[in-house]
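One structure is given below, encoded as structure tokens.
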């Protein structure tokens, strides 16, 4: 179920790269604020832009910002956490205190500051959101890895003369990959929300490119006339987040070794 | 007279599937003690769960279980709950998980009285204190507001026992209550059970894979295999004249000691001097795990390292193999420090205690067994040949290579772990409690394998164990460790027959040979 929703969203986003019902930025004042019809499946906005097309393009932006930020977070967080667990001592303290420092900032607020300082762009959003994914991944990786290090099969690997780096690559990471995959889906969902938040404040993709958050913000003015304009992007965000969370839960069940043993 | 507990034609099976217990029948008179013994998978534990009404949902029981003549097997859950703790109490194998970690021990002991609404608040409180004192946890040293994590495994099992007795049950079902404990603690808990059952006129059903444990406590024993009863009778008769091969195997295991090879002593293979290791405690104190240990192991010798849990034997093993650096002192293996010298990397290998923990679940057997050779960069064909040979040595089929560890049983996994140790052609193999996770029949097979491999490859063993019975079958010399120090050292027979230190004596006493212990209580 979660996988189906996520796959559908992904398909819509990919499709928007080659085809949308109308160009998402095409203004057609004559056709402004139309309700759903055969010509415009989900209606149009105050500038006469096709809502369905905007939602599809928005999906692409939301998903790529979310994916990019999670990749950034995992790319830096996982090695940091694995290293902290493998080497321990002062390095562990350094990494974990660095984490605490990042955690101590109110994430969304700092992201807004960053975006405001760097100017709105896709990359700003990716960096701002990705920064706060680093400590999450570092922490998950470290705590899972720390539990593995004392286990006998790791001890046996050490007796084989293997170094900590090699053991991390060969034994530790393969054994925590399932936990990381679950974490990725959770963080993707959070990143979608964060991106919508930044978009709402006009700090994600620069105009005129549509984003779900920006569509929500624009719809405020016309809330009384056309609530549809606010509801639709909201529903998209909600469905995507729900789908990713369900995918995460499903993966967790599927990958849990205790449950796997029963099958 | 109506027996206290009468089980007849009891069968337990998966819904519409295989039977785990097949038409079992037994009876238990008031004050009587019955032992149920069998290997793993014999259905003994399932039987206890069925009688206690604690079967998992997938399992259904048919037949009859009568308590004082009343049929209890098909009672609705609410009425079963009324019996639990009040008439029938249970204690299980895992003292580490059977207690609620966030509730104080006194509250957990009181729980059965609270649930069954027995006595006033003050009476309950007094009774908790009495019970905890009776199980050897007097208030002076063990305040009632302790949490489970502040107690050792043996102490937790005592708390569970106190809780089981809180509502004065008629029958106590004990499912391997001492299996997770070391032998000294096991002995103490068995004595305690004996004593309490005697004083309270408690009827007991005791399940164990170890006939020695049963013989210590019960007058009557029932032997199970594959869900069926294969033999039953008085303990004395079963021990002296077992009629069924399964029984004979269970009786025979500790009696038949393997001949111990005596070899001429060569040069020392491993020399340790002044080894010391502390652990820092959270309150800035220090715990000395290994304290100034000197030790020599000759090439070709097999040495047993024994001690109760917490005596530092595992830490010592980690120091000797170079897995952990000592705080002071030195280890030389063939003249090299195993922690530093790549040269001796292959010379020392280890077999770990828990075969479910020692094989990477993501790797296939071929890769696991070959791991010690990974850094040698042998040509693929030679690497594979060494792995195949090692597997053959431990009598596993070649098709095991392509499978993952989860496809194997505990005994097979331990064989895989042994193959991994062998593949590097080591000189010293450290065996860290290699049998304690296995059931008795498998233990025998692994012991035989170890002793054959030693002869074939001229191996030196350091066997770490809390069980002198196992050590006796593999080693000629024993080192006794207590509180991180060597307290006694000598030939195994000498330690067994005339131990000088109290630590050694406690270990010797703990070896439960399946002989007829003097029994009190009603005759069967």
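Protein chains in written order, with my numbering: chain S, 1352 to 1614; chain B, 660 to 1183. All C-beta atoms, glycine included, are put in the ideal place defined by N, C-alpha and C. Remember, it's a predicted structure, so these values are computed and weren't measured experimentally.
Name the one or two DSSP bridge partners that residue 891/B has.
-> Note: residue 891/B sits in a beta bridge opposite 881/B.
Could you name the residues of the stretch 1440-1451 of chain S whose beta carbon sits closer than 9 Å to any beta carbon of chain B, in the order they occur along the chain?
-> Cβ contacts with chain B: none found.
From what residue to what residue does the alpha helix (DSSP H) around residue 1551/S run?
-> Run containing residue 1551/S: 1524-1551, per the alpha helix (DSSP H) assignment.
Given residue 834/B as reference, the closest of 1149/B, 710/B, 782/B once Cα atoms are compared = Closest by alpha carbon: 710/B.
Considering only residues of the same chain and omitting the five flanking positions on each side of residue 1414/S, which have a CB-CB separation below 6 Å?
-> Result list for residue 1414/S: 1364, in chain order.
When burial is assigned at 16 or more other CB atoms within 10 Å of the CB, is residue 921/B buried or exposed?
-> Bear in mind that the predicted position of residue 921/B carries a pLDDT of just 43, short of 50, making it unreliable; the figure below should be weighed with that in mind. Label assigned to residue 921/B: exposed.
DSSP state of residue 1164/B, grouped into three classes?
-> Collapsing the DSSP output to three states places residue 1164/B in a helix.
What residues of chain S sit near residue 1067/B, judged by a beta carbon separation below 9 Å?
-> What residue 1067/B touches in chain S: nothing, since even the nearest Cβ is about 13 Å away.
Can you tell which of 878/B, 868/B, 1014/B has the C-alpha that lies nearest to the C-alpha of residue 884/B?
-> Relative to residue 884/B, the option among 878/B, 868/B, 1014/B whose CA is nearest is 868/B.
Using a C-beta to C-beta distance shorter than 9 Å, which residues of chain S count as neighbours of residue 1041/B?
-> The premise fails here: residue 1041/B is roughly 17 Å from chain S at the closest Cβ pair, so nothing lies under 9 Å.
Look up residue 1600/S in the DSSP assignment and say whether it is helix, strand or coil.
-> Correct three-state label for residue 1600/S: helix.
Is there a Cβ from chain B that is less than 8 Å from the Cβ of residue 1538/S?
-> Chain B, which has no Cβ nearer than 8 Å to the Cβ of residue 1538/S, makes this no.
Since I believe residue 1476/S is in contact with residue 1555/S (beta carbons under 8 Å), could you give me their beta-carbon distance rounded to a whole number of angstroms?
-> Rounded, the Cβ-Cβ distance is 5 Å, consistent with contact.
Uninterrupted beta strand (DSSP E) stretches inside the stretch 753-837 of chain B (no shorter than 3 residues) = Whole beta strand (DSSP E) segments, 3+ residues: 830-834.
Specify the secondary structure class of residue 1152/B as computed by DSSP and reduced to three states.
-> Note: residue 1152/B maps to helix in three-state DSSP.
Considering only residues of the same chain and omitting the five flanking positions on each side of residue 1095/B, which have a CB-CB separation below 7 Å?
-> Beyond the five residues adjoining it in sequence on each side, residue 1095/B comes within less than 7 Å, by CB distance, of 1012 in the same chain, given in chain order.
Closest Cβ-Cβ distance between residue 1008/B and chain S: below 8 Å?
-> At least one CB atom of chain S sits nearer than 8 Å to the CB of residue 1008/B.
What residues in its chain sit with their C-beta under 6 Å from that of residue 891/B, if we drop five residues either side in the sequence?
-> Excluding positions up to five away in sequence, the list reads 881.
Which parts of the stretch 1006-1085 of chain B are runs of the beta strand (DSSP E), unbroken and 3 residues or longer, counting only runs that do not cross its ends?
-> Qualifying beta strand (DSSP E) stretches, in chain order: 1007-1010.
Only counting runs of 4 or more residues, tell me where the alpha helix (DSSP H) segments fall wholly within the stretch 1077-1142 of chain B, in order along the chain.
-> Runs of the alpha helix (DSSP H) lying entirely within the stretch 1077-1142 of chain B, each at least 4 residues long, are 1099-1116, 1127-1133 in chain order.
For residue 662/B, does the three-state DSSP call read helix, strand or coil?
-> Three-state DSSP puts residue 662/B in coil, outside helix and strand.
Can you give the Cα-Cα distance for residue 661/B and residue 792/B, rounded to whole angstroms?
-> Each residue's alpha carbon lies about 34 Å from the other.
Where does residue 865/B fall in DSSP's three states?
-> Here residue 865/B sits in strand by DSSP.
Looking at C-beta atoms only, is the number of pairs between the stretch 725-733 of chain B and the stretch 780-794 of chain B that lie closer than 8 Å three or more?
-> Inter-segment contact for the stretch 725-733 of chain B and the stretch 780-794 of chain B is absent: fewer than three beta-carbon pairs are separated by less than 8 Å.
Per-residue burial, residue 1083/B [other beta carbons within 10 Å of its own, 16 or more giving buried] = Sixteen is the threshold: when 16 or more other Cβ atoms of the shown chains lie within 10 Å of the Cβ of residue 1083/B, as they do, the residue is buried.
Could you tell me whether the Cβ of residue 1512/S comes closer than 8 Å to any Cβ of chain B?
-> So, interface residue.
Under 7 Å Cβ to Cβ from residue 1092/B, same chain only, skipping five residues before and after it: list those, please.
-> Excluding sequence neighbours, residue 1092/B sits near 1012, 1123, 1124.
Under a CB-based cut-off of 8 Å, is residue 1030/B close to chain S?
-> Under the Cβ criterion of 8 Å, residue 1030/B is counted among the residues facing chain S.
Classify residue 1407/S as helix, strand or coil using the three-state DSSP reduction.
-> Three-state result, residue 1407/S: helix.
Would you kindly check if the distance between the Cβ of residue 1034/B and the Cβ of residue 1565/S is under 8 Å?
-> No, they are not a contact pair.
Measure the C-alpha to C-alpha separation of residue 1019/B and residue 1026/B and round it to an integer number of angstroms.
-> One C-alpha to the other measures close to 10 Å.
Note down, one range per segment and in chain order, each alpha helix (DSSP H) of at least 4 residues found wholly within the stretch 1436-1462 of chain S.
-> Taken in chain order, the unbroken stretches of alpha helix (DSSP H) that lie wholly in the stretch 1436-1462 of chain S and span 4 residues or more are 1440-1455.
Can you give the Cα-Cα distance for residue 1551/S and residue 1357/S, rounded to whole angstroms?
-> Whole-angstrom Cα-Cα distance: 22 Å.
Assuming residue 1008/B contacts residue 1510/S (C-beta within less than 8 Å), just tell me the rounded distance between them.
-> Indeed, because the Cβ distance is near 6 Å, the residues count as touching under 8 Å.
Tell me, please, whether the CB atom of residue 1011/B is closer than 8 Å to any CB atom in chain S?
-> Residue 1011/B counts as touching chain S.
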